[in-house]
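Those protein sequence lines, which keep their order, are chains A and B. Each position in the first sequence, counted from 1, maps to that position plus 891 in this note's numbering. Each position in the second sequence, counted from 1, maps to that position plus 4 in this note's numbering.
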Amino acid sequence: MAGDAPIFDEMNLADGAVRPAYETLARWLKTIPTDLLATRSREAEALFRRIGITFAVYGDAASTERLIPFDVIPRVLTNDEWVRLSKGLTQRVRAINAFLGDVYTKREILRAGIVPEDLVYQNPAFRPEMNQQPVPHGIYVMIAGIDIVRVDADTFYVLEDNARTPSGVSYMLENREVMIRLFPELFSQHRVAPVENYTDDLLATMKSVAPRSASSDPTCVLLTPGLFNSAYYEHTFLADKLGVELVEGRDLFVKADVVYMRTTEGPKRVDVIYRRLDDDFLDPLVFRPDSALGVPGLMSAYHAGNVTLANAVGTGVADDKAVYSYMPEIVKFYLGEEPILKNVPTWRCRAPDELKYVLDHLPELVVKEVHGSGGYGMLIGPKAAAAEIELFRHKLVKDPSNFIAQPTLALSTCPTLVEEGVAPRHVDLRPFVLTGRDKVRIVPGGLTRVALKEGSLVVNSSQGGGTKDTWVLDS
Amino acid sequence: MLSRTADNLFWLARYVERAEYLARIIEASTRLANLPSAYAGTSNEWESAVATAGCAHLFYQAHDKATRETVIDFLAFSPDNPSSIRSCFEVARTNARSVRTALTVEMWDAINAAWLELSKYRASGLNQDEHLANFLSFVKETGLRFDGSAYRTMLRSDGYWFSRLGVMIERADNTARILDVKYHVLLPGAEQVGGSLDYFQWSAILRAVSALTAYHWVYKESLKPWLVADLLILNDQMPRSLAACYESIVRNLDSLSLAYGRQGPAQRAARATRTKLESARIEDIFQSGLHEFVSDFITENNRLGAAITQQYLT
């Protein structure tokens, strides 16, 4: 698989034919001059500053926020492709929720020997505080971001599950708004499924998981670490669209196991907290005592069942890269179904024979730290210098269970506007899966991330990635 | 609304108002300092500017002498002065960022653009008159733009009322401070009656609160110190007078108590001060002591700020 497999382009087949989903777009791309595309691209940037990211700190060198590059050429999925993806996503998130409910209570999957105990108990994201603690309506992960990659016309892999505080959804929503304003003609030629109902879906999801002691119209808030957080813009954006208060830890307090926010009209009870704050910082009485970002007593209100945290505490144990490799078994164990979405083939370096294979094939593999994220702490064999490979060899031998390895996937590409014109660039997809008491909601599409550097497979915005609008066409 | 949000809106408005006032003080002081001493007297206008800005203590920790250079640097740019124009804009912008959902785009633009623009100006450049004039008009325009954006684009609900309260409490404080520092030139002194020296001081006071033209419209007379005091304290047509500020403070606090269905110490304190201003006559104020009246007012105004904080913002 290492680099010699043909790369699947989502628009152009190897024989030069255009895939049906892209026919109209390909025709349009042929007629529109590249310099006009470039002009529109600059307009898009101006719009981003005006309609939303105005609120980021443009012009400030010390800023933690910046504009993530936006590519004006959309990525297109057919309805059939989406239906299959969406079934697979729903199945996967159901399994993740079942797994979390189990590892914090009965632990059947551990006793059945399907997932090794130490992967759970020794996992830094496992929270003993959640042992035998019920969570409202038994739902742990209300908001999941599942990273999907594609390698050919039929094969989608799950690259990573994000079950803690996945970000990026504001880009999905803003990208669509900007595309509609810049290219109205494309939207009259295509029937693109809307995404703008995401925030309504999110609010409905949050209200559906309110604790039973809440009033019939529960109060939801979004808890942010504050304006120095790199995703602060997204927090403000979502709070605005949801119509809920954007609170910091100091705006909340706990009295008699009930959470209140300080308002100009006095204390107001809070029922559901969409928290964009990591477990470690939630409650200084339980987790990091030096955290000034959290709310003292929050965990005790949570255990008393008087407030819902979305997502629940301790969900990180399910999105770990080592646990990831067991996801197919996890799906089968809880749901008795075959996984609809495949995992990327993964070698668990904790197993001696798999470690041996990995050590023998380092130049062609991607090696990842089990707890790493954001594209850091990662070896991309085919692109690494010999010294870097040797460095990883040492790390692997020293602490094998801290690593997994995967083949270098030939990620699909999409046409992308770059300096030299329109050229294929590698993409992934992060759909957002909302799980409420009543149902699972997924808006069609998600956030497409694109590696803007030629040949690059790293789509993370911290490493030069951009984003695209993602279209699911009505059949 | 969240107390923190209301607190941020309140202080955001105060800081923008304060920056504008500082610009007016610098402008008026420059004008006075440039007059030949036969017209302006021998008093040091820059000392008086520092006192009017209420930062004399901090200033003399940093500088030995109040000169044009040291005072303009301290009032306009010094990061050591928490009330310099620069510091005001910086705090205002930080507040604005953390209440971004409570601001309109226009208000954010006004404050963010001001912060970006500020970096074009350097203290050293302000020694040139033209540069200083540009800088001061930029600061005043920022105040107008922010205030106008709030007036034109904000929902008329609690956020707006807290923002107005911030403007008015700060404005009342500023007007009272200039009276507090300059009261001596308004007092009748037998040896100087009819002298020309104070005339320019009076007009400088009026300029600092942009009331020189208003004075002529209202009184149709040449400058008289008691009329200057009347205009700035009791005339409720004059937007920076203490009376007008309190008329607005009472109105905004009433809107809050109506919306929230209850009132408290802030409403009572504001009404008491307004009643006092409504029933006072300028002759009586001079009789019983202008200085005492103004110092008492500054104390009451601070107390009202604390009462609002206590009642709503914590």
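Glycine included, C-beta positions come from ideal geometry on N, C-alpha and C.
Check your understanding: Going by Cα to Cα distance, which pick from B:Ala106, B:Ser88, B:His67, B:Glu49 is closest to phenylalanine 14 (chain B)?
Key -> B:Ala106
Practice item. Could you run through the segment 1127-1156 of chain A and flag, in chain order, every residue whose CB is less than 8 Å away from some CB of chain B? Key: Thr1127, Ala1130, Asp1131, Glu1136, Leu1137, Val1138, Glu1139, Arg1141, Asp1142, Met1152, Arg1153, Thr1154, Thr1155, Glu1156
Check your understanding: Are methionine 1269 (chain A) and valine 1049 (chain A) close, meaning C-beta to C-beta below 9 Å?
Key -> no
Check your understanding: Which stretch, first to last residue, makes up the alpha helix (DSSP H) that contains leucine 1246 (chain A)?
Key -> 1243-1251
Practice item. Compare the C-beta of arginine 1118 (chain A) against all C-beta atoms of chain B and say whether one is closer than 9 Å. Key: The question names arginine, but residue 1118 (chain A) in the sequence shown is leucine. Output row for leucine 1118 (chain A): interface = yes.
Exercise for review: May I have a chain-ordered list of the alpha helix (DSSP H) segments no shorter than 4 residues that lie completely inside the segment 969-1039 of chain A?
Suggested key: 970-994, 999-1002, 1008-1012
**Study point:** Under 9 Å between C-beta atoms of valine 189 (chain B) and tryptophan 206 (chain B)
**Key:** Against a cut-off of 9 Å, the Cβ pair of tryptophan 206 (chain B) and valine 189 (chain B) comes out as a contact.
Review point. How would you list, in chain order, the residues of chain A whose beta-carbon sits under 8 Å from the beta-carbon of alanine 10 (chain B)?
Key: Thr1155
Check your understanding: On the three-state DSSP scale, how would you describe tyrosine 1217 (chain A)?
Key -> In the three-state DSSP reduction, tyrosine 1217 (chain A) falls in the coil class, being neither helix nor strand.
Check your understanding: Is proline 1187 (chain A) helix, strand or coil when you go by DSSP?
Key -> coil
Point to revise | Proximity below 9 Å, CB of asparagine 1066 (chain A) to CB of threonine 1361 (chain A) | key: yes
Check your understanding: Taking just the CA atoms, how far does threonine 1056 (chain A) sit from alanine 1275 (chain A)?
Key -> 31 Å
Check your understanding: Once you ignore the five residues that flank phenylalanine 899 (chain A) on each side, which residues in its own chain have a CB closer than 8 Å to its CB?
Key -> Arg1041, Val1042, Asp1043, Ala1044, Ala1301, Ser1303, Thr1304
Check your understanding: Where are the alpha helix (DSSP H) runs, 4 residues long or more, that stay fully inside the segment 905-944 of chain A, in chain order?
Key -> Look at the segment 905-944 of chain A and you find these whole runs of alpha helix (DSSP H), each 4 residues long or longer: 914-922, 925-942.
Practice item. Taking 9 Å as the cut-off, decide whether the C-beta atoms of tyrosine 1215 (chain A) and isoleucine 1295 (chain A) are in contact. Key: yes
Check your understanding: CB alanine 180 (chain B) to CB phenylalanine 81 (chain B), shorter than 9 Å?
Key -> no
**Study point:** Secondary structure of leucine 246 (chain B), DSSP reduced to three states
**Key:** Look at leucine 246 (chain B) here: in three-state DSSP terms it is helix.
Check your understanding: Quick one: any contact between the segment 1096-1116 of chain A and the segment 1310-1330 of chain A, if contact means 3 or more CB pairs under 8 Å?
Key -> yes
Review point. Who are the neighbours of threonine 303 (chain B) on chain A, taking C-beta pairs under 8 Å?
Key: Here the premise fails: no neighbours, minimum Cβ distance about 25 Å.
Check your understanding: Quick one: is glycine 950 (chain A) near chain B, going by C-beta distance under 9 Å?
Key -> Its pLDDT being 42, under 50, glycine 950 (chain A) is placed unreliably by the model, and the measurement read from it follows with that caveat. Chain B, which has a Cβ nearer than 9 Å to the Cβ of glycine 950 (chain A), makes this yes.
Check your understanding: What residues are listed by DSSP as bridge partners for tryptophan 1238 (chain A)?
Key -> Per the DSSP secondary-structure output, tryptophan 1238 (chain A) pairs in a beta bridge with A:Ala1296.
Review point. From this set, B:Gln314, B:Arg168, B:Ala218, which residue's C-alpha is nearest aspartate 258 (chain B)'s C-alpha?
Key: B:Arg168
Exercise for review: Please confirm if arginine 101 (chain B) has its CB atom under 9 Å from at least one CB of chain A.
Suggested key: yes
Practice item. Using a Cβ cut-off of 7 Å, pull out every chain A residue sitting near methionine 5 (chain B), in sequence order please. Key: Thr1154, Thr1155
Review point. Would you report the Cα separation of proline 269 (chain B) and glycine 309 (chain B), rounded to the nearest angstrom?
Key: Proline 269 (chain B) and glycine 309 (chain B) have their alpha carbons spaced roughly 11 Å apart.
Review point. Of all Cβ atoms in chain A, is any one closer than 9 Å to the Cβ of threonine 98 (chain B)?
Key: Interface residue, yes.
Practice item. With a threshold of 16 other CB atoms inside 10 Å of the CB of alanine 1203 (chain A), please say whether the residue is buried or exposed. Key: buried
Check your understanding: Can we say the segment 285-302 of chain B touches the segment 233-242 of chain B, given the rule of at least three CB pairs closer than 8 Å?
Key -> Counting Cβ pairs under 8 Å, three or more are found: they touch.
Review point. Within the present structure, is the beta-carbon of serine 1347 (chain A) separated from the nearest heavy atom of the ligand SAM by less than 8 Å?
Key: As for the ligand SAM, it is missing from this structure, which has no ligand bound.
Check your understanding: By the criterion of Cβ-Cβ separation under 7 Å, what are the contact partners of tyrosine 19 (chain B) in chain A?
Key -> Residues of chain A passing the Cβ test: none, with the nearest at roughly 17 Å.
Practice item. Return yes when the Cβ of aspartate 162 (chain B) is within less than 9 Å of the Cβ of aspartate 17 (chain B), no when it is not. Key: In the sequence on display, residue 17 (chain B) carries alanine and not aspartate. No; because the gap between Cβ atoms is not below 9 Å, this pair is not in contact.
Exercise for review: On a CA-only basis, which of A:Ile1000, A:Lys1330, A:Val1363, A:Arg1082 is nearest glutamate 1034 (chain A)? Give me that one, please.
Suggested key: Position check: residue 1034 (chain A) holds isoleucine in this sequence, whereas glutamate was assumed. Answer by Cα proximity: A:Lys1330.
Review point. Which full runs of the alpha helix (DSSP H) of 4+ residues lie inside the segment 78-153 of chain B, going along the chain?
Key: Unbroken alpha helix (DSSP H) runs of no fewer than 4 residues, entirely contained in the segment 78-153 of chain B, are found at 89-102, 109-122, following chain order.
Practice item. Would you list, in chain order, the members of the segment 255-279 of chain B that have their beta-carbon closer than 8 Å to a beta-carbon of chain A? Key: Leu260, Tyr264
Check your understanding: Would you report the Cα separation of threonine 1237 (chain A) and alanine 1122 (chain A), rounded to the nearest angstrom?
Key -> 31 Å
Point to revise | Nearest-angstrom Cβ-Cβ length linking proline 1175 (chain A) and proline 1187 (chain A), presumed shorter than 8 Å | key: 6 Å
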